[in-house]
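Visitor: Below is one structure. I have some questions about it.
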Amino acid sequence: MLEDVWDSLDSLLGTLDESQWKTMTELPGWTVQDTLSHLVSSEKGLQGEPGTSHRASDLSNVKNPIGEFNEHEVDSRRSLLGSAVFAEWKDV
113 MLEDVWDSLD SLLGTLDESQ WKTMTELPGW TVQDTLSHLV SSEKGLQGEP
163 GTSHRASDLS NVKNPIGEFN EHEVDSRRSL LGSAVFAEWK DV
């Protein structure tokens, strides 16, 4: 079942152009790209990879330590193109 979800995500995300990657979501401060960045970092963490050493400068939307970790991970990929984050997703 999880593979079906990944396949669906791949099908949808593979169609996005850069402006669509930068579309804001209902999560304050996060874009579509940021949401995928969160999934990438979660999957990498489940595979035992260490988190980023990058530190986000804006933690105004963070509510707890997990949120802070997530924001650092997401912020570390914000300067990338959406297609680069998608390629990283495909690699995990």
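Taking our numbering, the leading residue of the sequence shown gets 113, the next gets one more, and so forth. The beta-carbon is built from N, C-alpha and C at its ideal position, and this holds for glycine as well.
#1: Out of V117, D129, G160 and V197, which one is the CA nearest neighbour of G147?
#2: Could you tell me whether the region 169-187 touches the region 134-152, using the rule of 3 or more Cβ pairs below 8 Å?
#3: Should R95 go down as buried or exposed, given a rule of 16 or more other Cβ atoms within 10 Å for buried?
#4: Does DSSP classify T164 as helix, strand or coil?
#5: Answer yes or no: do V144 and W133 have a C-beta to C-beta separation smaller than 7 Å?
Guide: According to the structure shown:
#1: Correcting the residue type first, residue 147 is Thr in the shown sequence and not Gly. Of the listed residues, the one whose Cα sits closest to T147 is V197.
#2: Enough Cβ pairs lie closer than 8 Å, so yes.
#3: Missing from the structure shown is residue 95; the chain here goes from 113 to 204 and no further.
#4: Taken through DSSP and simplified to helix, strand or coil, T164 comes out as coil.
#5: Yes, the Cβ-Cβ distance between V144 and W133 is below 7 Å.
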